[in-house]
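Sequences listed follow chains W and Z, in order. Numbering of the first sequence is given in our numbering, commencing with residue 68 and proceeding in unit increments. Numbering of the second sequence is given in our numbering, commencing with residue 68 and proceeding in unit increments. No residue lacks a Cβ here, since even glycine has one placed at the ideal position from N, Cα and C. Treat the numbers as computed from the prediction; the structure is a model and nothing was measured. Before any comments, here is the structure.
Protein chains: 2
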Amino acid sequence: MPRPAKFIRTEAVARAQEVFWQRGYHATSLKDLETALSMRPGSIYAAFGSKAGLFDEVLSHYAEQSLAMLRQKLLNHPSAMQGLREYLYSLANLGEREPAERACMLVKTMLELATTEPQLSARADAYLAAMENLFCEVFMAAMQQNELEKDADPRFLAQQLQAAIFGLRIFSQRQTSPLRVRLLTEQIANQFTRVDKIA
Amino acid sequence: MPRPAKFIRTEAVARAQEVFWQRGYHATSLKDLETALSMRPGSIYAAFGSKAGLFDEVLSHYAEQSLAMLRQKLLNHPSAMQGLREYLYSLANLGEREPAERACMLVKTMLELATTEPQLSARADAYLAAMENLFCEVFMAAMQQNELEKDADPRFLAQQLQAAIFGLRIFSQRQTSPLRVRLLTEQIANQFTRVDKIA
DNA sequence: GACTTAATTGAGCGATCATTCAAGAAAGGG
DNA sequence: CCCTTTCTTGAATGATCGCTCAATTAAGTC
Numbered sequence: 068m069p070r071p072a073k074f075i076r077t078e079a080v081a082r083a084q085e086v087f088w089q090r091g092y093h094a095t096s097l098k099d100l101e102t103a104l105s106m107r108p109g110s111i112y113a114a115f116g117s118k119a120g121l122f123d124e125v126l127s128h129y130a131e132q133s134l135a136m137l138r139q140k141l142l143n144h145p146s147a148m149q150g151l152r153e154y155l156y157s158l159a160n161l162g163e164r165e166p167a168e169r170a171c172m173l174v175k176t177m178l179e180l181a182t183t184e185p186q187l188s189a190r191a192d193a194y195l196a197a198m199e200n201l202f203c204e205v206f207m208a209a210m211q212q213n214e215l216e217k218d219a220d221p222r223f224l225a226q227q228l229q230a231a232i233f234g235l236r237i238f239s240q241r242q243t244s245p246l247r248v249r250l251l252t253e254q255i256a257n258q259f260t261r262v263d264k265i266a
Numbered sequence: 068m069p070r071p072a073k074f075i076r077t078e079a080v081a082r083a084q085e086v087f088w089q090r091g092y093h094a095t096s097l098k099d100l101e102t103a104l105s106m107r108p109g110s111i112y113a114a115f116g117s118k119a120g121l122f123d124e125v126l127s128h129y130a131e132q133s134l135a136m137l138r139q140k141l142l143n144h145p146s147a148m149q150g151l152r153e154y155l156y157s158l159a160n161l162g163e164r165e166p167a168e169r170a171c172m173l174v175k176t177m178l179e180l181a182t183t184e185p186q187l188s189a190r191a192d193a194y195l196a197a198m199e200n201l202f203c204e205v206f207m208a209a210m211q212q213n214e215l216e217k218d219a220d221p222r223f224l225a226q227q228l229q230a231a232i233f234g235l236r237i238f239s240q241r242q243t244s245p246l247r248v249r250l251l252t253e254q255i256a257n258q259f260t261r262v263d264k265i266a
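What follows is the structure, given as structure tokens:
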């Protein structure tokens, strides 16, 4: 067993994620990545193949992370609706995060690369579909728990919810006060988890 | 009075808008613009100063256009709420547009350039604020027309509505069927203009 | 039909882009 | 301590980036 790699892959991916999330795909140069990863071009290419390859791994890492966070808040809670509410509350202070990291990286990627890198855009889309499915599962669980009317449409609710979160996170990107973001979050939480929805 | 310009400014801006909207700012090269505008680099720089200058003019043109469309649908209608409803219905077939033009160019710009070109991003933000104001005016008009409760919060409603439209347009970017986009639009229209909101 | 004046041209600028690869460095096995 | 194997290095690649400017073209004036 000869010389092992000096860098830690997950750390490199995490640092690359920060740069790509902030600057986007096209505006991130390899020089930016060399600096952020403390790696020379040769090492980056040996490890990840190309800029697109690294981005792809970052995207997958970001999506896994997002899905895990979602799952933790949503499914580990005895009440599905309460879990959803807690997830939404975790978005309430978006207005205080770094501006460039308020919007979902999957959304930013889907938008930025729709024309120029359709494959990467489609991958982001696929991860968003996975998140929609998770929302759908939550609403189905809520129906079984009688927290939602029997005739509710979990798929449609999931899409409504996802669109609402898209909108919230885009709105949080605007230069408004964090309070406005908080109010908007509250309204969305009430809309999707209000108690009087129970049959 | 010597030689007049051969190109028509508004046409050039319209063509540049198409390219920038599709590809984004960073992925659009001057070569792309030369092709789209049928102009040589010298002419482009004489007319617009720089790539950023041209983009800025495109953004302003796009915003004026959006505001005009909004104003026409919203304010020219005797009933404010009915006008809003018609505006929302004009978004119902987003799912059938060119993928890259489903999302609002102001939103795409704000996201893509937040870090790398903060001035252009801030300009997009300012135009979005103008649109929010227009929504706010509509809700105030609706209150005066008794189409909305007296104690409604027009500013908050405007922000909710804008966020909902953000979300809808992002969702329409996903590879779902146009029908799903239509259903989502319908739901938003009902949420913001339902008759039983009348005091 | 010169003359004036501005618009257009396109070769070319230095900088930077993503990427490659031969050479050197480092760690484990013998 | 040498050998093997892999990782790391960084100079160099050709392409493309946004942009400039001297030369050319063309329209209106007299």
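Sequence-distant residues of its chain with Cβ nearer than 7 Å to residue i (five each side left out)
i, result
"R82 (chain Z)", "A103 and L104"
"Q212 (chain Z)", "S146 and A147"
"M210 (chain Z)", "K217, A219 and P221"
"F115 (chain Z)", "L121 and E124"
"K264 (chain Z)", "Confidence in K264 (chain Z) is poor, its pLDDT being 45 and thus under 50, which makes the residue's placement unreliable; the coordinate value appears in the next sentence. Correct list, in chain order: L215 and E216."
"H128 (chain Z)", "V80 and Q84"
"M207 (chain W)", "P221"
Which of helix, strand or coil DSSP assigns to residue i
i, result
"S110 (chain Z)", "helix"
"Q227 (chain Z)", "helix"
"H128 (chain W)", "helix"
"R261 (chain W)", "coil"
"F74 (chain Z)", "coil"
"R164 (chain W)", "coil"
"Q242 (chain Z)", "coil"
"R249 (chain Z)", "helix"
"Q212 (chain W)", "coil"
"N143 (chain W)", "coil"
"A266 (chain Z)", "Note on A266 (chain Z): pLDDT 40, under 50, position unreliable in the model; the coordinate value appears next. Looking at A266 (chain Z) - three-state DSSP - the assignment turns out to be coil, as it is neither helix nor strand."
"G234 (chain W)", "helix"
"D220 (chain Z)", "coil"
"G150 (chain W)", "helix"
"Y194 (chain W)", "helix"
"L104 (chain Z)", "helix"
"L158 (chain W)", "coil"
"E184 (chain W)", "coil"
"T95 (chain W)", "coil"
"C171 (chain Z)", "coil"
"S133 (chain W)", "helix"
"G116 (chain W)", "coil"
8 Å Cβ cutoff met for residue i and residue j
i, j, result
"A256 (chain Z)", "L155 (chain Z)", "yes"
"L151 (chain Z)", "F259 (chain Z)", "yes"
"A159 (chain Z)", "T252 (chain Z)", "yes"
"Y112 (chain W)", "L180 (chain W)", "no"
"Q149 (chain Z)", "Q227 (chain W)", "no"
"A189 (chain Z)", "T176 (chain Z)", "no"
"A119 (chain Z)", "L187 (chain Z)", "yes"
"A72 (chain W)", "M106 (chain W)", "no"
"G234 (chain W)", "G234 (chain Z)", "yes"
"E153 (chain Z)", "P245 (chain Z)", "no"
"T288 (chain Z)", "A94 (chain W)", "Nothing about residue 288 (chain Z) can be reported from this structure: the residues present for chain Z run from 68 to 266 only."
Cβ-heavy atom distance, residue i to the ligand FAD, below 7 Å
i, result
"A72 (chain Z)", "Of ligands this structure carries none, so the ligand FAD is not represented either."
Close-in-space but distant-in-sequence residues of the same chain around residue i (CB under 8 Å, 5 per side omitted)
i, result
"L250 (chain Z)", "none"
"A266 (chain Z)", "Interpretation of A266 (chain Z) is limited by its pLDDT of 40, a score under 50 that renders its predicted location unreliable; no figure is taken from the coordinates."
"Q229 (chain Z)", "L195, M198, E199 and F202"
"R236 (chain W)", "L158, L161, R169, A170, C171 and V174"
"D99 (chain W)", "V86 and R90"
"V248 (chain W)", "A159, N160, L161, G162, L235, F238 and S239"
"E101 (chain W)", "R107, P108 and I111"
"L60 (chain Z)", "Since the first residue of chain Z shown is 68 and the last is 266, residue 60 (chain Z) is not available in this structure."
Contact set for residue i: own chain, Cβ-Cβ below 6 Å, skip 5 residues either direction
i, result
"V205 (chain W)", "L141, A147 and L151"
"A167 (chain W)", "Q89"
"L137 (chain Z)", "L201"
"A231 (chain Z)", "I255"
Task: Residues, ordered as in the chain, of the region 182-198 of chain W that lie near chain Z by beta-carbon distance below 7 Å - done: T182, T183, D192 and L195
- [ ] Below 8 Å between beta carbons is the criterion; list the residues of the region 160-184 of chain Z that meet it against any residue of chain W, in chain order.
- [x] P166, A167, A170, V174, K175, M177, L178, E179, A181, T182 and T183
Task: Proximal residues, the region 68-93 of chain W versus chain Z, C-beta separation under 7 Å - done: Q89, R90, G91 and H93
Open item on the list: Give me the subset of the region 216-238 of chain Z whose CB atoms are less than 8 Å from a CB atom of chain W, sorted by chain position.
Closed with: So the close ones are F223, Q226, Q227, Q229, A230, A231, I232, F233, G234, L235, I237 and F238.
Task: chain W contacts made by the region 240-253 of chain Z, where a contact means CB separation under 9 Å - done: Q240, R241, Q242, T243, R247, L250 and L251
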